[in-house]
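Colleague: Residue numbers (this note's numbering): 1 to 344.
No residue lacks a Cβ here, since even glycine has one placed at the ideal position from N, Cα and C.
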């Protein structure tokens, strides 16, 4: 059976009534990119999905899809698939009997936890992406496309008519956290706009020099006196040391949901390939994405207005081209934001 088999084709078919479990094991950014597919799967299946994943991506992204969490934090390092071992028998007992097991992992890295779980659950039907180390009853071919579209192929197995754009809404930030982010925005002087910047990463090759961020912020803010810049992330970049530093406000080290709530409140986003960029995209925030070792065609903006700058290395990206991209995007974003404010 493959992903084109007619018996898999539509809601209400045999598999749409199955007891389905979905396995996720990757980074937070991957969880954000997988969310549209998860939302679609949650609608396709009549019974709530059993979500097998660490608690952090569940709380941030997937809790709106189903309340049924099997927490794999103890088996997972918080990064890409790891070789941690654990009590797989107990994990399988928590999951219980399933008719269908879906593996969202698309990287060319085997997951020992998924393999052990699949062996113990022995589901009648398994779904996953084609690779060299596992086989599935329904194997999905990987292609050259955006990562969010790749993940959405999981939904197309069961409903080929599903459109990813219908599931590209902002992250399900808890109401209290969302209100906190909104109140921080409301505390700004009337008429001010917000540029959110995300610069930090644990992958050195994806970093853009802090001196260039500072230069761009100085030049952009000097031209746009109605803007402030919020710096989000877990790093300690001192980007508020330039001439316009008084309007560069660090919000570093915040809880992840609040940081992404601030991203959703932005008028414009500037950042590297990261979960914050993906959150901005789902929130419809116009953004500029900077890419060196990774490609924007796979990991960049997918849904909202954007500009991508792809170079061989991050050091090859100049401040001038980033500033030019920001100016062209601000010309679109600011009138739209002002119109939305006036309409309220």
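1. Report yes if the CB atom of residue 282 is closer than 8 Å to the CB atom of residue 170, and no otherwise.
2. Once the 5 residues before and after residue 54 are set aside, which same chain residues still bring their CB inside 6 Å of it?
3. Pop quiz: residue 265 and residue 194 are said to be a contact at Cβ under 8 Å. What is the actual Cβ separation, rounded to whole angstroms?
4. Starting from residue 128, trace the beta strand (DSSP E) in both directions and tell me its first and last residue.
5. Can you name, in chain order, every residue of its own chain whose Cβ lies under 8 Å from the Cβ of residue 316, other than the five neighbours on each side?
6. Could you tell me which residues DSSP pairs with residue 240 in its beta bridges?
7. Measuring CB to CB, does residue 270 end up less than 8 Å from residue 230?
8. What number of angstroms, rounded off, separates the C-alpha of residue 59 from the C-alpha of residue 164?
9. Looking at residue 23: is its Cβ nearer than 8 Å to the Cβ of residue 125?
10. Can you give the Cα-Cα distance for residue 241 and residue 174, rounded to whole angstroms?
11. Determine which residues share a DSSP beta bridge with residue 53 and list them.
12. Using a Cβ-Cβ distance under 8 Å, would residue 197 count as near chain B?
13. Who pairs with residue 29 in a beta bridge, going by DSSP?
14. Between 114, 64, 257 and 332, which has its C-alpha nearest residue 29's C-alpha?
15. Taking Cβ to Cβ, would you say residue 65 is nearer than 8 Å to residue 42?
16. Between residue 100 and residue 123, which are expected to be in contact by the criterion C-beta below 8 Å, what is the C-beta distance as a whole number of angstroms?
17. Excluding the 5 residues preceding and the 5 following residue 6 in the sequence, name in chain order all residues of the same chain whose CB lies nearer than 6 Å to its CB.
18. Over the uninterrupted beta strand (DSSP E) stretch that includes residue 20, give me the two end residues.
19. Taking one C-beta from the region 179-188 and one from the region 211-220 each time, how about it: are there three or more such pairs within less than 8 Å?
20. What is the DSSP secondary structure of residue 171, counted as helix, strand or coil?
21. How would you label residue 260, buried or exposed, when you count the other beta carbons within 10 angstroms and need 16 or more for buried?
22. Quick one: any contact between the region 222-239 and the region 287-301, if contact means 3 or more CB pairs under 8 Å?
23. To the nearest angstrom, how far is the alpha carbon of residue 108 from that of residue 200?
24. Can you tell me where the alpha helix (DSSP H) holding residue 230 begins and where it ends?
25. Would you list the one or two residues that DSSP bridges to residue 249?
26. Around the C-beta of residue 236, are 16 or more other C-beta atoms found within 10 angstroms, so that it is buried, or is it exposed?
27. How many Å lie between residue 2 and residue 178 at the Cα?
28. Starting from residue 193, follow its DSSP beta bridges and name the residues at the other end.
29. Measuring CA to CA, which of 49, 117 and 326 is closest to residue 224?
30. Give me the Cα-Cα distance between residue 10 and residue 138, rounded to the nearest whole angstrom.
31. Does DSSP put residue 42 in a helix, a strand or coil?
Modeller: The answer reads as follows:
1. Between residue 282 and residue 170, the CB-CB gap stays under 8 Å.
2. Closer than 6 Å at the Cβ level, and outside the excluded window around residue 54, lie 72, 73 and 76.
3. 6 Å
4. 125-129
5. 292
6. None; residue 240 has no bridge partner.
7. no
8. 22 Å
9. no
10. 33 Å
11. Here residue 53 is bridged, per DSSP, to 71.
12. Here there is only one protein chain, and chain B is not present.
13. Per DSSP, none; premise fails for residue 29.
14. 257
15. yes
16. Yes, they are in contact, since the Cβ atoms of residue 100 and residue 123 sit about 6 Å apart, within 8 Å.
17. Residue placement at residue 6 is poorly supported in this model, since its pLDDT is 32, which falls under 50; the coordinates still yield a value, given next. Cβ within range, chain order: n/a, list empty.
18. 20-23
19. no
20. coil
21. buried
22. no
23. 26 Å
24. No alpha helix (DSSP H) holds residue 230; the beta strand (DSSP E) holding it covers 227-233.
25. 230
26. exposed
27. With a pLDDT of only 48 at residue 2, under 50, the local geometry of the prediction cannot be trusted, and the value read off the model is given with reservation. So the two alpha carbons sit approximately 41 Å from each other.
28. 227
29. It is 326 whose Cα lies nearest to the Cα of residue 224.
30. For residue 10, the predicted structure reports a pLDDT of 41, less than 50, and the residue's modelled location is therefore unreliable. A value from the coordinates is still provided. Distance between the alpha carbons of residue 10 and residue 138: 15 Å.
31. helix
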